[in-house]
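Report on one structure; see the data block that follows.
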Amino acid sequence: MDFISISDYVKKYKIDKTKLSERSELFKQLYPYYERSYKKNTWTNYITWLKRNKIKHSSKSLEDFKKSKYFHKKIDEKSLATYWLCWADKETLYYLQSIAKDMENRNQNFNRWLFWAIKPQNR
Numbered sequence: 006m007d008f009i010s011i012s013d014y015v016k017k018y019k020i021d022k023t024k025l026s027e028r029s030e031l032f033k034q035l036y037p038y039y040e041r042s043y044k045k046n047t048w049t050n051y052i053t054w055l056k057r058n059k060i061k062h063s064s065k066s067l068e069d070f071k072k073s074k075y076f077h078k079k080i081d082e083k084s085l086a087t088y089w090l091c092w093a094d095k096e097t098l099y100y101l102q103s104i105a106k107d108m109e110n111r112n113q114n115f116n117r118w119l120f121w122a123i124k125p126q127n128r
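Take the sequence shown: its letter number 68 is residue 73 in this note's numbering, and every next letter is one higher.
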């Protein structure tokens, strides 16, 4: 019976780092587009909420807005990568990045398009 050392076992079953780091880099490059679009959407929702309720801007109104249905919680980078975009391969991530750049140049909403485009995959 041969025993394998832990370091040999890890070397044998190690994930290809270039593939892993390339995907993580793509996620890191894609997240700022989500973040900018999120900030713009939140501000627009806040202004709409103020107009509907006929309230002036204040710290109390901001707290009330965060409790309302118009406020959407921000998705952090880790959950965007691991939950929402885990199905995407590298080519799809490159495509999403190009769409994000294009939509930002056209001053359009990337988040609406992104979450509309995410559909269950039949595999």
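We put the CB at the ideal spot given by N, CA and C, even for glycine.
The region 28-38 touching the region 104-121, judged by at least three CB pairs closer than 8 Å: yes
Rounded distance between the beta-carbons of Lys83 and Tyr43, thought under 8 Å: 15 Å between Cβ atoms; not a contact.
CA-to-CA distance, Glu27 to Lys59, given in whole angstroms: 48 Å
From Leu85, Phe120 and Asn110, residue whose alpha carbon lies closest to that of Phe32: Leu85
Segment limits, alpha helix (DSSP H) that includes Trp87: With the sequence shown as reference, residue 87 is identified as Thr, and Trp is not the correct amino acid for it. Per DSSP, Thr87 belongs to no alpha helix (DSSP H) and is neither H nor E.
Coarse secondary structure for Lys16, derived from DSSP in three states: helix
Candidates Lys71, Gln34, Glu30 and Lys65, of which the one nearest Trp48 by Cα: Out of Lys71, Gln34, Glu30 and Lys65, Lys71 has the C-alpha closest to the C-alpha of Trp48.
Residue burial classification, Lys90 (beta-carbon count within 10 angstroms, cutoff 16): Just to set this straight, residue 90 is Leu in the shown sequence, not Lys. Classification of Leu90: buried, given that the 10 Å Cβ count is 16 or more.
Burial state of Ala93, where buried means 16 or more other Cβ atoms lie within 10 Å: The residue is buried, with at least 16 neighbouring Cβ atoms inside 10 Å.
Span of the alpha helix (DSSP H), counted from its first residue to its last, around Phe120: Phe115 to Ala122
Cβ-Cβ distance between Tyr75 and Trp54 below 7 Å: yes
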